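Novice: Each residue of the sequence shown is one higher than the one before, starting from 7 at the first, in the numbering used here.
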Amino acid sequence: MASPDTEELATVPLPTPRPDDRTTPHPVIADPAAPSPDAPAEADAPEGGEADATSPETVEQAAAEAAKPAKPGGRWWRGFTGSLAAGLTVLAVGVLVVAGACLYTDAPGPGPVLLIGHPVAAVLALLAQRVADRRNGLPAAGAGIAVVLFVVSALTLFWLT
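#1: Among the residues of its own chain, which have a CB less than 6 Å from the CB of Thr167, if the five just before and after it don't count?
#2: Relative to the alpha-carbon of Ala147, which residue among Gly80, Glu63 and Val129 has its alpha-carbon at the smallest distance?
#3: Should Gly150 go down as buried or exposed, given a rule of 16 or more other Cβ atoms within 10 Å for buried?
#4: Between the region 123–131 and the region 95–103, are three or more C-beta pairs nearer than 8 Å?
#5: Take Gly117 as the anchor and find which of Leu102, Tyr110 and Ala131 has the nearest alpha-carbon.
#6: Whose C-beta lies closer than 7 Å to the C-beta of Val18 among residues of the same chain, with five residues either side of it excluded?
#7: Assuming Thr87 and Val154 are in contact, meaning their beta carbons sit under 8 Å apart, how far apart are those beta carbons, in whole angstroms?
#8: Does DSSP put Gly117 in a helix, in a strand, or in coil?
#9: What number of angstroms, rounded off, separates the C-alpha of Pro145 from the C-alpha of Leu133?
#10: Of the choices Leu121, Asn142 and Arg141, whose alpha-carbon is the least far from that of Leu163?
#11: Ala131 to Ser89, Cα distance in whole Å?
#12: Ends of the alpha helix (DSSP H) at Thr162?
#13: Between Ala91 and Gly123, how many whole angstroms is the CB-CB distance? I'm expecting something under 8 Å.
#14: Suppose the cutoff is 7 Å on Cβ atoms and the five residues either side in sequence are ignored; what does the same chain contact list for Cys108 look like?
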């Protein structure tokens, strides 16, 4: 439904590229150390039939190895620690909201230790979870353990004392 306010607004179509823009190849800057494309293929291949590190086969193999999914146990662990970090973040936001409500209603609320400690623990847990998500192996496991330690220490220090 159009209203008097929206009838004034005109829609402007987005500019589309000209057909020759899509078909014109962009110039490629060649590496001065790279052999020219006119050189024979035999000169590029190393002796002994080995493929060099920049050959298409080697690049495809490296990309396939890098794209392998994480182990199921690793995915479970990352999901678990991610849930802990997200839960601690929600708890920190909740503590801040309750503190704001208590400030507004003049009710006693969480003290300064809780107001500072929860967000700090949440930020540390999120940073450790970021490392756990982006790394593999021992660094990821260590970051996951750090997330668990941040969550357990925050709950122990701020809720069980």
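We put the CB at the ideal spot given by N, CA and C, even for glycine.
As the structure is a prediction and not an experimental result, all values here were calculated from the model.
Specialist: In short:
#1: Within the same chain, Thr167 has no close Cβ partners at all.
#2: Gly80
#3: buried
#4: Below 8 Å, enough C-beta pairs join the region 123–131 and the region 95–103 to call them touching: three or more.
#5: Leu102
#6: none
#7: Between Thr87 and Val154 a beta carbon distance of about 6 Å is seen, short of the 8 Å cut, so the two are scored as contacting.
#8: Per DSSP, reduced to three states, the secondary structure at Gly117 is coil, with no helix or strand assignment.
#9: 13 Å
#10: Leu121
#11: 11 Å
#12: Note, Thr162: alpha helix (DSSP H), Leu144 to Trp165.
#13: Not confirmed; about 16 Å, so no contact.
#14: Taking Cys108 as the centre and dropping the five residues before and after it, the same chain places the C-beta of Pro114 and Gly115 closer than 7 Å to its C-beta, in chain order.
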